[in-house]
Each structure stands twice: as C-alpha cells, then as structure tokens.
Amino acid sequence: MIFVLEFLLGHLQTSKMYFVVILILALLNNNAAEEMGETVSWDDQITNNQGGCGCGAVKRNTDEQLPQDSANVQEHTFLKINSEKYSSAANAQTIYPRTNQMVLIKGGTFMMGTDEPVFVADGEGPSRKVSLSDFYLDVHEVSNAEFELFVNATGYRTEAESFGDSFVFELLLSEETKTGITQAVAAAPWWLPVKGCNWKHPEGPDSNIKDRMDHPVVHVSWNDAVAYCHWAGKRLPTEAEWEYACRGGLKGRLFPWGNKLNPKDKHWANIWQGEFPGTNTGEDGYVGTCPVTEFPANAFHLHNIVGNVWEWTADWWNINHTRTPTVDPLGPETGKDRVKKGGSYLCHKSYCYRYRCAARSQNTPDSSAGNLGFRCASTNIPEYLKEHQ
Ligand SMILES: [Ca+2]
Ligand SMILES: [Ca+2]
Numbered sequence: 163m164i165f166v167l168e169f170l171l172g173h174l175q176t177s178k179m180y181f182v183v184i185l186i187l188a189l190l191n192n193n194a195a196e197e198m199g200e201t202v203s204w205d206d207q208i209t210n211n212q213g214g215c216g217c218g219a220v221k222r223n224t225d226e227q228l229p230q231d232s233a234n235v236q237e238h239t240f241l242k243i244n245s246e247k248y249s250s251a252a253n254a255q256t257i258y259p260r261t262n263q264m265v266l267i268k269g270g271t272f273m274m275g276t277d278e279p280v281f282v283a284d285g286e287g288p289s290r291k292v293s294l295s296d297f298y299l300d301v302h303e304v305s306n307a308e309f310e311l312f313v314n315a316t317g318y319r320t321e322a323e324s325f326g327d328s329f330v331f332e333l334l335l336s337e338e339t340k341t342g343i344t345q346a347v348a349a350a351p352w353w354l355p356v357k358g359c360n361w362k363h364p365e366g367p368d369s370n371i372k373d374r375m376d377h378p379v380v381h382v383s384w385n386d387a388v389a390y391c392h393w394a395g396k397r398l399p400t401e402a403e404w405e406y407a408c409r410g411g412l413k414g415r416l417f418p419w420g421n422k423l424n425p426k427d428k429h430w431a432n433i434w435q436g437e438f439p440g441t442n443t444g445e446d447g448y449v450g451t452c453p454v455t456e457f458p459a460n461a462f463h464l465h466n467i468v469g470n471v472w473e474w475t476a477d478w479w480n481i482n483h484t485r486t487p488t489v490d491p492l493g494p495e496t497g498k499d500r501v502k503k504g505g506s507y508l509c510h511k512s513y514c515y516r517y518r519c520a521a522r523s524q525n526t527p528d529s530s531a532g533n534l535g536f537r538c539a540s541t542n543i544p545e546y547l548k549e550h551q
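Numbering (the working numbering), first residue to last: 163 to 551.
Below, the structure is given as structure tokens:
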C-alpha cells in the first residue's frame, strides 16, 4: 500500500489523482482504527462467568490506553511524593473521623488456601504451609475521606478519571444514568460501564460521596491503590499476608469468625441477601457499601476483611500452587492480573461464594469497579501513625 501511495504522490499531476490519494488515505485510517481495537465491545471482557457477580471479573480492554500524558503524570506524581508530607496537619484537613489505624499482625505459620475449594478454577487449593514475618495492616478499608486527603495533597488522578468510565452494578444506578448506557457485559449484564463514573461519583455524574466519606473508596485500580499506599508510607499486603490476617488465628475456617455464616443470628459482614442479581433485601443493613467501621472485627481487630469491598493485594495472579512450604511469599514475578481478596457487598452464596478467606479473584491492574477497594500494609509502622497505636 505504501508503494502505491509513493507512486501516486510522485505522479500527482491532476485533481483526479489528488482525489484518489485522499480516498486511499481515508481507507488506511479506517483499517488502522479497527486494528487499534476501537470496535472491541465490553462483551469480550468477562473472563470468568462465575465471577460476574461482581466478584467483578469485568476488566478494561487491555488495548485501551490512557492518554500518554496522564499515565506519565500519574507515575511522576506519586514517585515524587514522599510519606513525610503526610503530616498530622494534613490529617486535620478533613472533618471526617480518621480510620487509618494499623494493627500489628504477629508473624507465624499458617495453612494458606484450602483442600476443599469451591471454585477450583480460581486456584483456591491446595492448602499449603506459609510462614510470615510480623507486619502491620490497616484496621479498615481505605475510606473516601482518606483518599480525598491523598488527592488534595498530590493532585492525583485515578485511572477511572483518565479513562472516563468505570463499572457499576445496575441496581445502584438511577434510571436517568441507565438510559444513556447501551453497552453491557454479555455474561454479566448487571455490570454497566458508566461514563463519568469515578471515586467521587460512584454511580455516575449524578451521584456523589458527600454522605459516604466514611465508606470505602471504590473505582480505584490496582495502580491507584499502589500510588495511595506509597504516598501514605505503606504498601499493599501480599496475598499471603492478607489471607493470614483474614483468618485471625483460626485454623481451617471458612470465614474470619468461624464456619457459620450468621452465628448468634447476626450478620458479620456486608454481603448480599435475597436473590442474585434481581433482589437485594439489604437485611444486613446495606444494599451498597457500608462505613468501613461497621460489622464486628475479627480476632486481629480487622473490620470488613471479607465483604463490603474487594481488596487489592500486591501479588500477580496465578492458579497453580504447590504444597511446598514458603516463607514470606511474594507471588509470581510476572502476570497479567492482580489478586483481589475478600468478596464484596454483591457476593451471594448462590453465585459468588467468595467472602471466604481462601477465596480469590483477579483483575487487570487498570480495572476499577464499584465494589473494589483496598487496605494498606506496612513492614514497619509509619512514624505519623505511631502516636495512634
Ligand atoms: Ca449487604
Ligand atoms: Ca473488604
């Protein structure tokens, strides 16, 4: 095609020839657009049907690229920022209660995963011996109030803001917002890509977080979570750390509090009651997210470690594990997806029984959704938090 063009340009003598060149250029441009994946639909993006409950296997099209400057700006911004800027004076900028205390998780040896997997394809098994050093973990999921401090201090722009959209569960959307959406994920039609949706507008442009500053921040990608933790002088927990913390010292139990879902006839986590995906009765008090301080803590003082929102971990996703004992494992060296743990307010036993400590799921590092957040870990507690211990 290039040779043809060179020939034509070299012999551009008549207005008729000029018209032919324009036509060829237009055809080339059209082919290039298709090659760039502009015609790929969201339908192609479910990788695990059983995860569609918002176990959240909705992913960004990996061909989709951020505008070049915005990706660079983000990296530049967060690398430049150091945790010393996170002072108690900065804390005073919010009128909302701070919830970012950390708890020391004493190291030890535990059995990670399970020999009775519910979702074998998720790599829940086998059960394997893992030893961990001491580490600190946030008592709560990172809240909107805390994420706002980060954004105010740094000007950070999340990936959902740069891409211009994020995924929201259909039942949470206003009729007006739904009307404007034509794309859906075929295998999980209850997930809708909403334009203008981001952490400040969790259900699209006509929503806000004013009354949810103590709820977990959502629509944050793995990259966003890493940037926040870095700024706060922390890091994401490894999957092993997260699961060890979830189990709260209990051996071989399903949940952070034991094997029964509702001991003492109480709700112990924010999940889904009713029939998925049509009816959420909100019997536990919440149809969507709840304040990060809600529900009883486990024995390690951690709230909402299962349920409420999924939590990113540091590890790359891999489903093949051996029984070989490991010490402070970091997961695979490379991969396509990152591991998330704990399930969310959209999880129900009938469809997404993933509010168990051994359960796991994955997303690409640039994906975001209305039920996916994070909490941070740290090997040593940051100076500014010592006074709160
Ligand atoms: Ca609920
Ligand atoms: Ca959680």
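Even for Gly, the Cβ is constructed at its ideal location relative to N, Cα and C.
- Residue burial annotation: residue 449 is buried, with at least 16 other C-beta atoms found within 10 angstroms of its C-beta.
- Of all C-beta pairs linking the region 291–301 to the region 474–494, three or more are shorter than 8 Å, placing the two stretches in contact.
- Contact annotation: residue 467 and residue 446 have beta-carbon atoms that are not nearer than 8 Å.
- In the DSSP assignment, residue 325 falls within the alpha helix (DSSP H) that extends over 321–325.
- A contact between stretches requires three or more CB pairs, one per stretch, nearer than 8 Å, and the region 410–418 meets this requirement with the region 510–520.
- By the criterion of at least three beta-carbon pairs nearer than 8 Å, the region 533–541 is in contact with the region 503–512.
- Between residue 496 and residue 298, the alpha-carbon positions lie close to 25 Å from each other.
- Between residue 501 and residue 479, the gap from beta carbon to beta carbon is short of 8 Å.
- Burial state of residue 341 is exposed, judged by a 10 Å Cβ sphere holding fewer than 16 other Cβ atoms.
- When distances are taken from the beta-carbon of residue 410 to the heavy atoms of ligand 2, even the shortest one reaches 7 Å or more.
- In the three-state reduction of the DSSP assignment, residue 409 falls in the helix class, which pools H, G and I.
- For residue 354, the enclosing beta strand (DSSP E) covers residues 353–357.
- Closer than 7 Å to some heavy atom of ligand 2: that does not describe the Cβ of residue 403.
- Residue 390 sits away from residue 281, with the two beta carbons spaced by 8 Å or more.
- Taking 8 Å as the upper bound for CB-CB distance, residue 315 and residue 403 are not in contact here, some 26 Å apart.
- Going down the chain, each residue whose beta-carbon is closer than 5 Å to a heavy atom of ligand 1 shows up: 432, 446, 448, 507.
- According to DSSP, residue 539 shares a beta bridge with 299, 397.
- CA-to-CA, the gap between residue 222 and residue 490 works out to about 31 Å.
- About 4 Å separates the CB atoms of residue 378 and residue 303; that is less than 8 Å, so the two are in contact.
- For residue 467, the shortest C-beta to heavy atom distance toward ligand 2 is below 7 Å.
- Between residue 424 and residue 451 the beta-carbon gap is near 20 Å, outside 8 Å, which marks them as no contact.
- Within the DSSP secondary-structure output, residue 466 pairs in no beta bridge.
- Contact annotation, residue 494 with residue 383: C-beta distance approximately 19 Å; criterion of less than 8 Å not satisfied.
- Looking at the backbone, the Cα of residue 333 and that of residue 353 are separated by about 9 Å.
- Here residue 380 is near residue 364, since their CB atoms are less than 8 Å apart.
- Closer than 7 Å to some heavy atom of ligand 2: that describes the Cβ of residue 471.
- For residue 437, the shortest C-beta to heavy atom distance toward ligand 2 is 7 Å or greater.
- Annotation for residue 335: 365 place their beta carbon closer than 6 Å to its own, counting only its chain and skipping 5 residues before and after.
- In the structure shown, the three-state DSSP call for residue 520 is coil.
- With a cutoff of 7 Å, residue 504 counts as near ligand 2, since its C-beta is closer than that to a heavy atom of the ligand.
- Cβ neighbours of residue 295 within its own chain (closer than 7 Å, five residues either side excluded): 269, 490.
- DSSP places residue 438 outside both helix and strand once states are collapsed to three, so it counts as coil.
- Per DSSP, the continuous beta strand (DSSP E) segment holding residue 476 begins and ends at 472–478.
- Distances between the C-beta of residue 303 and the heavy atoms of ligand 2 include at least one below 7 Å.
- Pairing residue 411 with residue 462 gives a Cβ-Cβ distance under 8 Å.
- DSSP places residue 291 in the uninterrupted beta strand (DSSP E) bounded by 290–294.
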